[in-house]
Amino acid sequence: MTDIHTPGSKRTLGTDVIIIGGGIVGASAALALRQKGVAVVLLERDFCGSRSSGINYGGVRRQGRLEAQLPLSQRAHHIWARLPELIGIDGEYVRSGHLKLGVNERDMASLENYAQMAARYELPLEILDQQSLRRRFPWISPTALGGSYCAEDGHANPRLVSPAFAHAARRRGAQIFDQTPVSSIEHDGQRFIVECPQLQVRAPLLINCAGAWGHRIAEWFDEQVPLQVSCPNMTVTEPLPLFMDASIGIEGGSIYARQVSRGNCVIGGGQGYTTSDTTARPGREAILELMKIASALFPALANAHLIRFWSGIEGNIPDRNPVVGPSHTTPGLFHGFGFCGAGFQIGPAVGEVLAELIDDGHTPTPIDAFAINRFSTASSTLMSTCIVSGDE
Amino acid sequence: MSHAASLTTLPPVIVGAGPAGIRAAETLVRAGLRPVLIDEAAKGGGQIYRQQPDGFQRPAKALYGFEASRAEAIHASWRALLDQVDYRPHTLVWNSEGDELDLLQVRDQHYDGQPWQQLILATGATDRILPFSGWTLPGVYTLGAAQIALKYQATAIGSRVVFAGTGPLLYLIAYQYAKAGVEVAAVLDSAPFSAKWQASASMLRNPPVFAKGLWYLGWLKARGIRIEYDAHLLAASGEQRLDGVRWRQQGQEHQLDCEGLGFGYALRSETQLADILDCRFAFDELNRAWLPVRDAMGRSSRDGVYLAGDGAGIMGADAAEWAGELAALAVLQDRGMSVDRARIHQLQQQLQRTRQFREALEGAFPFPEQWAHEVADDVVLCRCENVTVGEVRALIGELSLQDMNRLKAHSRVGMGRCQGRMCGLAATELLAIGSGQSVADAGRLRAQAPVKPLPYAITPTVQQWSPSLSVAEEAEHD
Numbered sequence: 001m002t003d004i005h006t007p008g009s010k011r012t013l014g015t016d017v018i019i020i021g022g023g024i025v026g027a028s029a030a031l032a033l034r035q036k037g038v039a040v041v042l043l044e045r046d047f048c049g050s051r052s053s054g055i056n057y058g059g060v061r062r063q064g065r066l067e068a069q070l071p072l073s074q075r076a077h078h079i080w081a082r083l084p085e086l087i088g089i090d091g092e093y094v095r096s097g098h099l100k101l102g103v104n105e106r107d108m109a110s111l112e113n114y115a116q117m118a119a120r121y122e123l124p125l126e127i128l129d130q131q132s133l134r135r136r137f138p139w140i141s142p143t144a145l146g147g148s149y150c151a152e153d154g155h156a157n158p159r160l161v162s163p164a165f166a167h168a169a170r171r172r173g174a175q176i177f178d179q180t181p182v183s184s185i186e187h188d189g190q191r192f193i194v195e196c197p198q199l200q201v202r203a204p205l206l207i208n209c210a211g212a213w214g215h216r217i218a219e220w221f222d223e224q225v226p227l228q229v230s231c232p233n234m235t236v237t238e239p240l241p242l243f244m245d246a247s248i249g250i251e252g253g254s255i256y257a258r259q260v261s262r263g264n265c266v267i268g269g270g271q272g273y274t275t276s277d278t279t280a281r282p283g284r285e286a287i288l289e290l291m292k293i294a295s296a297l298f299p300a301l302a303n304a305h306l307i308r309f310w311s312g313i314e315g316n317i318p319d320r321n322p323v324v325g326p327s328h329t330t331p332g333l334f335h336g337f338g339f340c341g342a343g344f345q346i347g348p349a350v351g352e353v354l355a356e357l358i359d360d361g362h363t364p365t366p367i368d369a370f371a372i373n374r375f376s377t378a379s380s381t382l383m384s385t386c387i388v389s390g391d392e
Numbered sequence: 001m002s003h004a005a006s007l008t009t010l011p012p013v014i015v016g017a018g019p020a021g022i023r024a025a026e027t028l029v030r031a032g033l034r035p036v037l038i039d040e041a042a043k044g045g046g047q048i049y050r051q052q053p054d055g056f057q058r059p060a061k062a063l064y065g066f067e068a069s070r071a072e073a074i075h076a077s078w079r080a081l082l083d084q085v086d087y088r089p090h091t092l093v094w095n096s097e098g099d100e101l102d103l104l105q106v107r108d109q110h111y112d113g114q115p116w117q118q119l120i121l122a123t124g125a126t127d128r129i130l131p132f133s134g135w136t137l138p139g140v141y142t143l144g145a146a147q148i149a150l151k152y153q154a155t156a157i158g159s160r161v162v163f164a165g166t167g168p169l170l171y172l173i174a175y176q177y178a179k180a181g182v183e184v185a186a187v188l189d190s191a192p193f194s195a196k197w198q199a200s201a202s203m204l205r206n207p208p209v210f211a212k213g214l215w216y217l218g219w220l221k222a223r224g225i226r227i228e229y230d231a232h233l234l235a236a237s238g239e240q241r242l243d244g245v246r247w248r249q250q251g252q253e254h255q256l257d258c259e260g261l262g263f264g265y266a267l268r269s270e271t272q273l274a275d276i277l278d279c280r281f282a283f284d285e286l287n288r289a290w291l292p293v294r295d296a297m298g299r300s301s302r303d304g305v306y307l308a309g310d311g312a313g314i315m316g317a318d319a320a321e322w323a324g325e326l327a328a329l330a331v332l333q334d335r336g337m338s339v340d341r342a343r344i345h346q347l348q349q350q351l352q353r354t355r356q357f358r359e360a361l362e363g364a365f366p367f368p369e370q371w372a373h374e375v376a377d378d379v380v381l382c383r384c385e386n387v388t389v390g391e392v393r394a395l396i397g398e399l400s401l402q403d404m405n406r407l408k409a410h411s412r413v414g415m416g417r418c419q420g421r422m423c424g425l426a427a428t429e430l431l432a433i434g435s436g437q438s439v440a441d442a443g444r445l446r447a448q449a450p451v452k453p454l455p456y457a458i459t460p461t462v463q464q465w466s467p468s469l470s471v472a473e474e475a476e477h478d
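Order-wise, the sequence lines are chains A and B. Numbering follows the UniProt record's numbering, in which position 369 of the first sequence is assigned residue number 369; successive positions increment by one, without gaps. Numbering follows the UniProt record's numbering, in which position 439 of the second sequence is assigned residue number 439; successive positions increment by one, without gaps.
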C-alpha cells in the first residue's frame, strides 16, 4: 500500500482493492480480503454499519430464502457460528430457532413444499400442526394453524454486528474511511481512480457494495439494475418478561418478531416512506396495522408499549435476488448489492465469495442467479413480475 | 422562512396549553378563529401554572406565590377559551406524518389524527439532568417533579429534604417546601457565590425578577436554612431508598441525612416534535443545546410550523406568554389577516430584554461544565437501559465515536423509554470531552416517534385473523 502526499493537493492512496460501502457486505469483504493478505481501502459515505446493515430487524435466518440463496445462506450459517472469533463480539447472536407461521391451509401447503425443497440443501425444517404448535409455543394465539420450525436459525443485534465487521477488518489492516462519499470513478486502462472530497484512491480492483445505492455505481459502468428502494417499518417495545423463545415470521409476508434477552420485542412489518435519498421514516398506517396484527398473534403484548419506531432504505430487485459477482462491462469491477431487505444473514458469506472471486478468480459457492447481466435480456419481463409475495 | 398565506382553510392547531399555548389560542380567538388546542394535561396552565386536581382548594397565593396573579390570569384565560376553541385535554401528540398529527387520547387509549396547515408548537420543557451516584434511588426527584408533587397533589417528597443543582428553580422550590412546613436541611448550589454577584449587575435590567430571586434567598437565610455554594453532588446514599446525600465543596466531602432529594440544573426544551416535523435546528450557546430555529415572530424553518415558549429555548413563563401571542400574530399574518404592528414591536422588545436577562441568569447559575470530567465511572448514565458513565467513556475511546447517534447505536444510551430526554444531554457532555470536540459538534440525538411510549391498547383487539390484516404482501426481512 502506498500513501502519497502531494503538497497542495488532496491525499492520494494506492491499494489492491477499493471497496465502496461499509455495510455488512463491504466490511465482510474487507475482512475476508485482509485474511488473504490483500490490501484494501474501504470508503463509507456515512459510518460503517449505520445504514440498513445496522438498523435492520436483525433476523439471522435461512428459512424462507429463495432456493438460489440457500447455498450462500448455508455458508453464512457456518460463519455466524464463529462470530466472536471473527469480529471480537458475540453481537447478541442467538440460535433461538425461527418459526414461520401459517394462518391458512394454502400457507401450510406452501410451508410443506418449502421444507421439501430445503431438505435438498441440508436445511432441516420441522412442520408443526396446530396441536404441536400450541404445545411448543403456547404464547402464540390460536390464530396460527401451524408452522415450519428451523431450530438453528436465530437473530442478532445488527447495530453491533455490522460495525464490528468493519472494526475487525480495520484491526486486520484494512484502511477504512468513514464519512467519505465517492464523487466519481474513472478507469485509466489499468486502475480505477476513485475521487472523494478529501481523498483519491487508486487500485486495479473495485468492489461495489453500495447497498440500496449500488445500482447507481453500476450505471457509471453501463450496467442497468432495476433496483427500487423500500423502507421496512421496525418497532420495539419496552422490555417485557421473556416469552418469545423463537424468532417469528409469517408465510405469505406480514409482520416478523423477535424478543431480545433484555426483554424488548423487535417487530417489523409494512412500509415507511423516504424523506430523502438516504433517510426514511415509518409509516403511520402500517405501524398501526402492525400493532393490530402483533397483538392478535401475541396476547402477551396486550398491555405493552412501543417505545420507538424506525425505518431505513433497502434496495429491492424484482426477482428478490441480489447482484453478486463480476461486472459484465468492466474487468476488475465486482458487485455485491441489492439484497432486497435480506442481506444481514448472508452478508458475511457474500464478503467471502467476493474475496475469493478477487483472489482466486472463482468461488465454490453457486452465484449464477445473482449475475448482473440477468437484467440485460428481457428485463421488461422481469420488471412486470415484480410482485413480492412471501418468501417463495 | 416564507410562510405563504395560500389556501389556509383549516383552523390553526396549538400543541401545549401552558402560558405560550393559552396566549396563542387567545390571540387567535380574538381574531375570530377557533383553534384546536391539544394538551397532555387535564387542565390548562402548563407545568409552571399547573392547576390542582378537582376538589383541592388551596388558594392561588399558596400554590404560585409571587406568580399567583399571573397564574390566575392564565387560568382565567383558559376558562374563557374552553367553549371558543376545539380543546383536547389528556391528549399526547406522538408522531407527525405529512400534514397530519398522530394523537393518543391518554385516558381511553384511543387513536386520533389531526390534520393541520398551521401548527404552533408550545411543548415546554423538562428538568436538565446530570446523573450522580444513586440518582435512581427512590426518594430522589428532579426539582420539577418535587415542585409538581407539592403544587399539584399537596405532597412533599420527604419530611426532611435537600435541594441541589442550580438554576432559579432551586431557591424557589426550597422556599415553597419550607413555607409548606417541610424541613429543608440544605440547599446545595453547584454555582460559586461569586457568580451570583458578577451576574447581578446585568440582572438589574429585570428588577422584578431579580428582586424575587433575592427575596427567596433572604427568606431562606432568615429562617436559618443552610445554603452552600460551589457544592457538587457526589452521591445519594441508601439501600432500598434514600437516606442521605454526600457532596464535595472546595476539596472537602460533606454529608447530610435526608429522606427526600430534589435536583436539577435548570431546564431543557422539549424539541422532539419540532424534529419529527423536520424543522431545522441550530446550536444555541446560551441553552447549550441544539434548538429549532425561529425568526423574530416564531416561524420555524418549515412552512406553517411556529414555535413558542420554552420548547424552543428556555426563556421562562412570562416570555412564553409573549412568544405565544407573537406566534399567533404570525399565524394571522400568514393567513393574510391584519395584525397590530405596534403590538408586535412591543412583544419583540419585551422578548429581547428577556433574552438579555436570561444571559445574565446563565452567569448566575452556570452550567457545571466540570461534571463530565469528574463524574465517576460507576454512575448510571441512562436509567432506561442501565448504561454507566464508564461504559460510555470506554466505547467513545475504543470506537473513536464522534457523533451522538453513533454513540446511541453502540451504547443504547437514549434507546429506552425516554429516548434520551433525561440522559441525552449528559451523554453529549461525555462524548464532547471523550472525542475532543465541542458540545455543538458532538451533535444531537435524532428524535424518533413515538414522542412518548405508545400503548398497544391503542389498536382495537382483533379476535379473528382475516386476510385484511396483512400489512402488505411482503417478504420477511433480515
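Just so you know, even glycine gets a beta-carbon here, dropped at the ideal spot from N, CA and C. Quantities reported herein were computed from a predicted structural model and do not represent experimental measurements.
Residue i classed as buried or exposed, judged by whether at least 16 other C-beta atoms fall within 10 angstroms
{"i": "B/Thr-354", "result": "buried"}
{"i": "A/Asn-316", "result": "buried"}
{"i": "B/Lys-221", "result": "exposed"}
{"i": "B/Gln-114", "result": "buried"}
{"i": "B/Asp-83", "result": "exposed"}
{"i": "A/Ala-119", "result": "exposed"}
{"i": "A/Glu-219", "result": "exposed"}
{"i": "A/Gln-175", "result": "buried"}
{"i": "A/Asn-303", "result": "exposed"}
{"i": "B/Phe-367", "result": "buried"}
{"i": "A/Gly-253", "result": "buried"}
Beta bridge counterpart(s) of residue i as assigned by DSSP
{"i": "B/Pro-455", "result": "A/His-305"}
{"i": "B/Phe-163", "result": "B/Val-187, B/Gly-262"}
{"i": "B/Tyr-49", "result": "Beta-bridge pairing links B/Tyr-49 to no other residue."}
{"i": "B/Ser-96", "result": "B/Leu-101"}
{"i": "B/Met-422", "result": "Paired residue(s): none; B/Met-422 is not in a bridge."}
{"i": "B/Arg-246", "result": "B/Ala-235, B/Gln-255"}
{"i": "B/Gln-114", "result": "B/Leu-101"}
{"i": "A/Cys-265", "result": "A/Gln-259"}
Alpha-carbon spacing of residue i relative to residue j, whole angstroms
{"i": "B/Glu-321", "j": "A/His-98", "result": "56 Å"}
{"i": "B/Thr-126", "j": "A/Glu-314", "result": "37 Å"}
{"i": "B/Ala-20", "j": "B/Ala-80", "result": "16 Å"}
{"i": "A/Gly-390", "j": "B/Phe-132", "result": "A caution first: A/Gly-390 carries a pLDDT of 32, below 50, which makes its placement in the model unreliable, though a value can still be read off. The alpha-carbon atoms of A/Gly-390 and B/Phe-132 are separated by roughly 51 Å."}
{"i": "A/Val-388", "j": "B/Val-13", "result": "Low confidence applies to A/Val-388: its pLDDT is 36, below 50, so where it sits in the model is not reliable, and the reading given next is rough at best. When rounded, the distance between both Cα atoms is 40 Å."}
{"i": "A/Ala-210", "j": "B/Ala-442", "result": "27 Å"}
{"i": "A/Pro-348", "j": "A/Leu-31", "result": "9 Å"}
{"i": "B/Gly-16", "j": "A/Asp-277", "result": "33 Å"}
{"i": "A/Gln-224", "j": "A/Asp-319", "result": "14 Å"}
{"i": "A/Ala-257", "j": "A/Ile-248", "result": "5 Å"}
{"i": "A/Met-117", "j": "A/Arg-308", "result": "38 Å"}
{"i": "B/Gln-51", "j": "B/Gly-45", "result": "7 Å"}
{"i": "A/Phe-334", "j": "A/Gln-228", "result": "20 Å"}
{"i": "B/Leu-169", "j": "B/Arg-128", "result": "11 Å"}
For residue j and residue i, believed in contact at Cβ under 8 Å, the rounded distance
{"i": "B/Arg-23", "j": "B/Glu-325", "result": "5 Å"}
{"i": "B/Ile-143", "j": "B/Ile-38", "result": "Note on identity: in this sequence residue 143 of chain B is Leu, with Ile being the wrong assignment. Not confirmed; about 27 Å, so no contact."}
{"i": "B/Val-187", "j": "B/Ser-159", "result": "17 Å between Cβ atoms; not a contact."}
{"i": "B/Asp-478", "j": "A/Ala-29", "result": "With 8 Å as the limit, B/Asp-478 and A/Ala-29 do not qualify as a contact, their Cβ atoms being about 18 Å apart."}
DSSP three-state assignment for residue i, whether helix, strand or coil
{"i": "A/Gln-116", "result": "helix"}
{"i": "B/Asp-102", "result": "strand"}
{"i": "B/Trp-290", "result": "strand"}
{"i": "B/Val-387", "result": "strand"}
{"i": "B/Ile-38", "result": "strand"}
{"i": "A/Ala-203", "result": "strand"}
{"i": "B/Ile-314", "result": "coil"}
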